[in-house]
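Trainee: Sending over a structure as structure tokens; questions will come in a sec.
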Amino acid sequence: MGITTINPTTGEALKKFDELSPDQLETKLELAANTFRTYRHTSFADRARMMTRAAENLENEKHEFGRLMTIEMGKPLKAAISEAEKCALVCRYYAENAERHLADQVVETNAKRSYVRFQPLGPVLAVMPWNFPFWQVFRFAAPALMAGNVGLLKHASNVPQCAFAIEEIFRRAGFPEGAFQTLLIGADKVESVLKDSRVAAATLTGSEPAGRSVASIAGKEIKKTVLELGGSDPFIVMPSANLAEAVTTAVKARTINNGQSCIAAKRFIVDAKIYSSFEEGFVEEMKALRIGDPLEESTEIGPLATAQIVNDLDEQVKKAVASGARVLTGGRRVNRPGNFYEPTVLVDLAPSAPVSCEEIFGPVAMLFRVNNIDEAIGLANATPFGLGAAAWTNNADEQRRFIEELEAGSVFINGMVASDPRLPFGGVKHSGYGRELAEFGIREFVNIKTVWIGENKAATENTE
Ligand code: NAP
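Sequential numbering from 2 applies to the sequence shown in the numbering used here.
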């Protein structure tokens with residue numbers, strides 16, 4: 002079966018690639034295993050030199066890489082260029098910090114000397130999504146390679162050119178052949194790769210069903226996994242917040258990446274005292290967003306990545322309306338070629354309606370009115386997901402309660418949820434487990450080895 006790049010702005014098939022044959026796949030797995038044997042012994046300084054070169058490649062060619070992302074999955078070009086820059090940032094972050102993160106940790110015990118050593122695990126399979134086609138891969142690859150692991154990328158089938166471009170970035174940075182390889186395979190081949198004894202561990206960023214499948218196969222094989230799955234992040238606004246700022250950030254948080262971000266704010270939970278003003282401002286700003294060709298500088302909302310995503314989104318909106326929601330703006334496809342959907346605001350949806358708890362992956366916002374902080378927290382937590390959460394308030398007690406009680410991998414007060422190489426990133430509940438980024442991320446795919454050295458007389462002292 003082939004893997005095809007389709008431009009979501011036009012629907013045009015741009016390029017077709019052949020999937021790897023079983024023999025080609027075998028060659029790549031063998032190369033990964035062989036490369037690991039030597040690569041694991043390279044010094045941090047050597048790895049850092051190569052990782053810094055990868056950062057330079059990204060910075061020098063950010064416009065070309067940005068264009069590639071936009072053409073394959075439709076994000077506005079400006080955002081795609083920023084994504085390439087952010088990838089450079091994560092490469093530099095781990096180039097500068099990995100040695101410190103993974104330095105031996107001495108622990109005082111009854112031993113003469115005891116300490117913790119962090120060692121790489123081997124080839125790690127990364128199953129990745131299309132929505133941040135560079136960033137998702139680099140935030141896995143930079144720490145994995147700096148730790149001495151080697152990477153095998155199974156990228157989403159709609160972004161094969163991004164997958165090859167990333168492989169090429171690492172190759173040109175001087176990493177040995179086999180340190181980072183793209184496997185052009187469909188999702189149906191993931192099981193056999195996961196079961197291969199040369200593959201040590203896996204990470205998946207994607208949907209809940211894909212996460213369940215990979216985790217259960219890896220579970221049977223007793224292989225470590227990290228899962229970064231979906232989210233239905235709450236964005237809570239309380240009366241003490243600066244409303245104008247909250248509204249503008251809310252619109253950005255919902256529509257970033259054309260609404261296709263795991264940490265996009267998806268449910269807006271607003272205190273009744275300010276609800277009407279929030280709703281009015283929010284609808285106005287959603288209506289004003291400029292929809293268009295994502296290659297144009299002025300475009301704020303481009304197409305969704307695939308035709309299937311538009312169908313799924315439209316289906317969810319119809320389901321919401323059938324369960325009592327009112328559409329304040331949008332609610333339909335844009336009448337032009339490509340996968341465009343109007344920025345949409347839904348209100349009056351019962352919190353118990355199934356769609357209220359689902360992840361909506363597109364520029365569609367659901368607004369909910371609550372009477373107090375207890376209701377806000379209750380509603381925010383009433384979802385199977387637990388990725389990020391944002392809460393807007395200047396009241397210290399309220400801030401403390403949101404930090405303590407929101408069930409999420411991150412809580413942002415008076416800001417929108419975003420990833421940063423210096424801070425850990427990940428979820429709880431059905432949003433997954435494990436962490437990426439920061440010191441926590443690089444420690445996921447290492448053997449945390451305990452070393453204990455006792456007192457012992459030298460053999461020569463024992464002999465008479
Ligand atoms: P997806 O359909 O799950 O695909 C993600 C990756 O998994 C792709 O490479 C896909 O390959 C593969 N895949 C799909 N089904 C699989 C299976 N049964 N076994 C093994 N691999 C499988 O997700 P998506 O639609 O691309 O991405 C959107 C989802 O990702 C959303 O739920 C979003 O919230 C989540 N996401 C989470 C994070 C996070 O950090 N938590 C970040 C970004 C996105 P094919 O393309 O070949 O099908």
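Don't be surprised by glycine CBs; every beta carbon is placed ideally from N, CA and C.
Taking 8 Å as the cut-off, decide whether the C-beta atoms of Val107 and Trp131 are in contact.
Mentor: The residue you call residue 107 lines up with position 106 of the sequence shown. The residue you call residue 131 lines up with position 130 of the sequence shown. For Val107 and Trp131, no; Cβs fall outside 8 Å.
Trainee: Which term fits Lys63, buried or exposed, when burial requires 16 or more other beta carbons within 10 angstroms of its beta carbon?
Mentor: To locate residue 63, count along the sequence shown from 1; it is residue 62. By the 10 Å Cβ count, Lys63 comes out buried.
Trainee: Quick one: is Pro121 buried, meaning 16 or more other Cβ sit within 10 Å of its Cβ, or exposed?
Mentor: The residue labelled residue 121 in the question sits at position 120 within the sequence shown. Classification for Pro121: buried.
Trainee: In terms of residues, what are the limits of the alpha helix (DSSP H) holding Gly220?
Mentor: What you label residue 220 is simply residue 219 of the sequence shown in a count that begins at 1. Counting along the chain, the alpha helix (DSSP H) containing Gly220 begins and ends at 209–222.
Trainee: Name the residue from Ile186, Glu65, Ser22 whose alpha carbon lies nearest to the alpha carbon of Ser158.
Mentor: Position 157 of the sequence shown holds residue 158. Looking at the Cα atoms, Ile186 is the closest of the given residues.
Trainee: Note down, one range per segment and in chain order, each beta strand (DSSP E) of at least 3 residues found wholly within the stretch 339–404.
Mentor: Fully enclosed beta strand (DSSP E) runs of 3 or longer: 345–348, 365–371, 389–393.
Trainee: Look at the alpha carbon of Ala419 and the alpha carbon of Thr39, and state the distance between them as a whole number of angstroms.
Mentor: In the sequence shown, the residue the question calls residue 419 occupies position 418. In the sequence shown, the residue the question calls residue 39 occupies position 38. Each residue's alpha carbon lies about 36 Å from the other.
Trainee: For the candidate residues Gly260, Phe66, Phe341, Phe18, whose alpha-carbon lies nearest to that of Ala166?
Mentor: By 1-based counting over the sequence shown, the position of residue 166 is 165. It is Phe66.
Trainee: So for Lys253, helix, strand or coil by DSSP?
Mentor: As a working mapping, residue 253 is identified with position 252 in the sequence shown. Looking at Lys253 - three-state DSSP - the assignment turns out to be helix.
Trainee: Would the beta-carbon of Val191 be found less than 7 Å away from any heavy atom of ligand 1?
Mentor: Reading the sequence shown from its first residue, position 190 is the one you call residue 191. Under cutoff, so the answer is yes.
Trainee: List the DSSP bridge partners of Pro144.
Mentor: By 1-based counting over the sequence shown, the position of residue 144 is 143. According to DSSP, Pro144 bridges with nothing at all.
Trainee: DSSP puts Ile292 in a beta bridge; with which residues?
Mentor: As a working note, residue 292 is residue 291 in the sequence shown. Ile302.
Trainee: With a threshold of 7 Å on Cβ separation, who are the neighbours of Ala381 within its own chain once the five nearest residues in sequence on each side are excluded?
Mentor: Within the sequence shown, residue 381 is the residue found at index 380, counting from 1. Taken in chain order, the residues that qualify are Pro235, Ile237, Ile270, Ala390, Leu407.
Trainee: Contact check, Phe141 vs Thr43 under 8 Å by CB: the rounded distance?
Mentor: Here residue 141 refers to the residue found at position 140 of the sequence shown. Here residue 43 refers to the residue found at position 42 of the sequence shown. Wrong, their Cβ atoms sit about 19 Å apart, outside the cutoff.
Trainee: Which residues bound the alpha helix (DSSP H) around Glu408?
Mentor: Sequence index remark: in the sequence shown, residue 408 carries index 407 (1-based). Where Glu408 is concerned, there is no enclosing alpha helix (DSSP H), given that its DSSP letter is neither H nor E.
Trainee: If I measure Cβ to Cβ from Ala245 and keep anything under 8 Å in the same chain, skipping five residues before and after, which residues do I get?
Mentor: Residue 245 sits at position 244 when you count from the first residue of the sequence shown. Here the set comprises Gly282.
Trainee: Heavy atom of ligand 1 less than 7 Å from the Cβ of Met367, yes or no?
Mentor: Here residue 367 corresponds to residue number 366 of the sequence shown, with the count starting at 1. The answer is no for Met367.
Trainee: Count Cβ pairs between the stretch 42–61 and the stretch 195–209 that sit closer than 8 Å; are there 3 or more?
Mentor: Verdict: no, contact absent.
Trainee: Would you kindly work out how many angstroms separate the C-alpha atoms of Tyr342 and Ser262, rounded to a whole number?
Mentor: Counting from 1 along the sequence shown, the entry for residue 342 is found at position 341. Counting from 1 along the sequence shown, the entry for residue 262 is found at position 261. Going from the Cα of Tyr342 to the Cα of Ser262 covers about 15 Å.
Trainee: Verify the contact flag: Ala202, CB atom, against every heavy atom of ligand 1, threshold strictly below 7 Å.
Mentor: On the sequence shown, position 201 is the one that residue 202 refers to. Answer for Ala202: no, Cβ out of range of ligand 1.
Trainee: Go to Val151, then tell me how far its beta strand (DSSP E) extends in each direction, as first and last residue.
Mentor: The residue you call residue 151 lines up with position 150 of the sequence shown. Element bounds for Val151: 151–155.
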